[in-house]
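In this text, residue positions in the sequence shown follow UniProt numbering: the first is 1, and each later residue adds one. Ideal placement from N, C-alpha and C gives every residue a C-beta, glycine not left out. Just so you know, these numbers come straight off a predicted model, no measurement behind them. For reference, the structure is listed below as structure tokens.
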Amino acid sequence: MPGKVFVNRTLNLKKIRYIGVDMDHTLVRYNSENFERLSHTTMIEKLIKRGYPEALRKLTFDYNYAIRGLVIDRKMGNLLKLNRYTAIRASYHGLKPLDFKSHQKLYKSTYIDLSNSDYLAVDTSFSISLANLIAQIVELKDTDLGNKYPEYSQIADDVLDALDEAHRDGSLKDVVKKNLDHYIIKDPELVEGLEKFRRHGKKIFVLTNSDFHYTKLLLDYAIQPFLKEHKSWQDLFEFVITFASKPKFFYESQKYLRVNPEDGTMTNMEGKLTPGIYQGGNAKKFTADLELAGDDILYIGDHIYGDILRLKKDCNWRTAMVIEELDDEVNNNKKAEPLNQEIEVLMKKKEPLEDELTDLMTRKIEKAANINDTQIDGLQKTISEIDAQISQLIKKQQAMYNGNWGQLMRAGNEESYFAYQLDRYACVYMEKLGDLLDLSPRTYFRAPRRPLAHEIY
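And the structure:
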């Protein structure tokens with residue numbers, strides 16, 4: 001479809017008055033592989049300073065090891081992929097998949113409670129290096145007998161602390177600032193789209209957890225040079241709210257500070273919000289001061305929890321999510337379609353045989369008739385042969401996606417937990433913000449009618 005914007009629920013852009021955008025990975029696109037490699041290296045340096053072995057320096061970053069939507073089991077040192085019901089559908093310990101017996105011994109039929117602190121979600125682009133490094137150190141703990149490593153849960157905590165510190169102390173951003181071309185993707189068409197939406201009367205605001213100086217640097221680099229109808233990005237954006245502390249912005253009452261764009265100094269904000277640059281703040285005052293209802297605002301971000309889930313629960317703004325992996329997923333779906341059709345043909349061949357076998361076994365147990373065991377054996381053999389064919393096709397299909405985890409949006413034949421969250425909390429979703437901005441600001445997104453189980457019986 002034009003723009004490649006996918007619809008979960010009806011959304012009328014014509015009625016949207018304010019469009020909010022996250023900055024990192026949404027308004028400003030990163031070269032994610034380069035940035036995650038930097039994160040990986042930076043975390044290793046911080047861990048070694050904390051006493052981890054020098055052996056960590058030999059670790060190389062594998063951008064394709066993990067995907068978004070996985071869950072880290074801190075206690076066991078495992079990485080898990082969940083379906084929509086939080087049942088585990090794939091699992092790795094360190095860098096190796098858990099075999100069936102080991103998985104059953106550890107988890108049986110466990111449904112993961114993600115509110116339990118034993119589990120850590122890999123739910124942003126910034127989490128790929130985190131999952132990779134935790135898995136690598138777990139592998140070292142099990143194999144590097146010449147060095148001592150903490151328990152699995154401590155490894156997970158230490159790596160997360162190192163990543164948080166790297167974001168907090170400027171270790172990452174200082175490198176980005178010096179090498180903007182290497183880490184930041186310029187997109188003139190996105191800026192053109194923003195100005196088009198302004199032409200149609202849409203107010204646009206930036207809501208980011210980055211500080212003012214870093215925000216200014218990226219907007220100066222990625223937005224300012226391509227403006228044609230505005231003097232500066234300060235004219236383009238009605239509000240720029242920095243250090244927003246999302247998701248707290250959506251449910252706490254943090255104070256607003258007004259930022260002086262000339263030098264970044266801040267003063268207490270008194271009275272109602274007026275257009276400008278701010279630090280902190282909260283959604284309640286934003287909507288109240290601007291006399292907005294939740295349905296008047298569309299907010300677009302890339303973090304399922306920090307940008308979408310809490311916002312939808314606490315503010316009822318309309319939501320859109322950017323998923324940079326989506327284009328690959330859609331293209332791979334198209335490539336996999338012939339295999340899916342082969343699998344479907346085999347399933348239709350197998351299902352009546354299973355029904356026949358069920359009937360024969362039932363009649364045999366209930367002694368309703370004399371059942372020929374040879375017939376039963378023949379059916380079981382045929383079903384097993386078909387299963388073997390299906391299994392080979394599924395392996396080929398999954399090889400078209402991530403080599404370890406398969407599809408982003410599916411866990412086997414079911415939706416992945418990530419896809420379930422996306423479906424539940426995002427009104428629309430897309431690969432990049434530019435996909436939405438390519439469309440008319442008057443676009444009406446109609447949600448597809450979804451058949452219920454009994455309707456396709």
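Residue i - DSSP class collapsed to helix/strand/coil
{"i": "residue 318", "result": "strand"}
{"i": "residue 150", "result": "coil"}
{"i": "residue 398", "result": "helix"}
{"i": "residue 200", "result": "coil"}
{"i": "residue 432", "result": "coil"}
{"i": "residue 185", "result": "strand"}
{"i": "residue 59", "result": "coil"}
{"i": "residue 91", "result": "strand"}
{"i": "residue 97", "result": "strand"}
{"i": "residue 460", "result": "A query on residue 460 cannot be resolved here, the shown segment of the chain reaching from 1 to 457 and no further."}
{"i": "residue 1", "result": "In this prediction, residue 1 scores a pLDDT of 44, lower than 50, which makes its location untrustworthy; no coordinate-derived value is stated."}
{"i": "residue 371", "result": "coil"}
{"i": "residue 290", "result": "coil"}
{"i": "residue 412", "result": "coil"}
{"i": "residue 406", "result": "strand"}
{"i": "residue 457", "result": "coil"}
{"i": "residue 269", "result": "coil"}
{"i": "residue 132", "result": "helix"}
{"i": "residue 323", "result": "coil"}
Proximity below 8 Å, CB of residue i to CB of residue j
{"i": "residue 125", "j": "residue 296", "result": "no"}
{"i": "residue 320", "j": "residue 89", "result": "no"}
{"i": "residue 22", "j": "residue 300", "result": "yes"}
{"i": "residue 239", "j": "residue 205", "result": "yes"}
{"i": "residue 94", "j": "residue 54", "result": "no"}
{"i": "residue 447", "j": "residue 7", "result": "yes"}
{"i": "residue 28", "j": "residue 156", "result": "no"}
{"i": "residue 404", "j": "residue 92", "result": "yes"}
{"i": "residue 415", "j": "residue 68", "result": "no"}
{"i": "residue 364", "j": "residue 371", "result": "yes"}
{"i": "residue 227", "j": "residue 259", "result": "no"}
{"i": "residue 422", "j": "residue 430", "result": "no"}
{"i": "residue 441", "j": "residue 106", "result": "no"}
{"i": "residue 311", "j": "residue 280", "result": "no"}
{"i": "residue 113", "j": "residue 75", "result": "no"}
{"i": "residue 329", "j": "residue 409", "result": "yes"}
{"i": "residue 417", "j": "residue 86", "result": "yes"}
{"i": "residue 152", "j": "residue 77", "result": "yes"}
{"i": "residue 383", "j": "residue 357", "result": "yes"}
Proximal residues to residue i (C-beta, below 8 Å), its chain only, five neighbours per side dropped
{"i": "residue 389", "result": "346"}
{"i": "residue 39", "result": "126, 129, 130, 163, 166 and 172"}
{"i": "residue 62", "result": "132"}
{"i": "residue 34", "result": "182 and 183"}
{"i": "residue 264", "result": "212, 213 and 216"}
{"i": "residue 275", "result": "238 and 239"}
{"i": "residue 97", "result": "90, 91 and 404"}
{"i": "residue 376", "result": "357, 360, 361 and 364"}
Sheet register partners of residue i (DSSP bridge)
{"i": "residue 418", "result": "For residue 418, which the question treats as bridged, DSSP gives no partner whatsoever."}
{"i": "residue 280", "result": "256"}
{"i": "residue 70", "result": "122"}
{"i": "residue 18", "result": "203 and 297"}
{"i": "residue 85", "result": "Residue 85 is not bridged to any residue."}
{"i": "residue 239", "result": "205 and 276"}
{"i": "residue 28", "result": "24"}
{"i": "residue 362", "result": "DSSP lists no partner for residue 362."}
{"i": "residue 311", "result": "According to DSSP, which records beta bridges pairwise, residue 311 is partnered with nothing at all."}
{"i": "residue 11", "result": "445"}
{"i": "residue 78", "result": "73 and 93"}
{"i": "residue 111", "result": "87"}
{"i": "residue 6", "result": "429"}
Close-in-space but distant-in-sequence residues of the same chain around residue i (CB under 6 Å, 5 per side omitted)
{"i": "residue 64", "result": "none"}
{"i": "residue 2", "result": "With a pLDDT of 46 at residue 2, under the threshold of 50, the modelled position of this residue cannot be trusted, and the question is left open."}
{"i": "residue 229", "result": "195"}
{"i": "residue 121", "result": "71"}
{"i": "residue 336", "result": "397 and 400"}
{"i": "residue 207", "result": "20, 241 and 244"}
{"i": "residue 203", "result": "18 and 238"}
{"i": "residue 246", "result": "209 and 306"}
{"i": "residue 103", "result": "91"}
Cβ-based neighbour list, residue i, same chain, cut-off 7 Å, excluding 5 preceding and 5 following
{"i": "residue 135", "result": "65, 79, 92, 94 and 95"}
{"i": "residue 366", "result": "none"}
{"i": "residue 432", "result": "29, 322 and 324"}
{"i": "residue 455", "result": "none"}
Test: residue i CB closer than 8 Å to a CB of chain D
{"i": "residue 150", "result": "Chain labels in this structure do not include chain D; a single protein chain is all it has."}
Between the stretch 131-149 and the stretch 180-195, are three or more C-beta pairs nearer than 8 Å?
no
Given 8 Å as the limit, is there contact between the stretch 8-16 and the stretch 426-439, that is, 3 or more CB pairs closer than that?
yes
Taking 8 Å as the cut-off, does the stretch 395-402 touch the stretch 335-353 (at least 3 CB pairs, one atom from each stretch)?
yes
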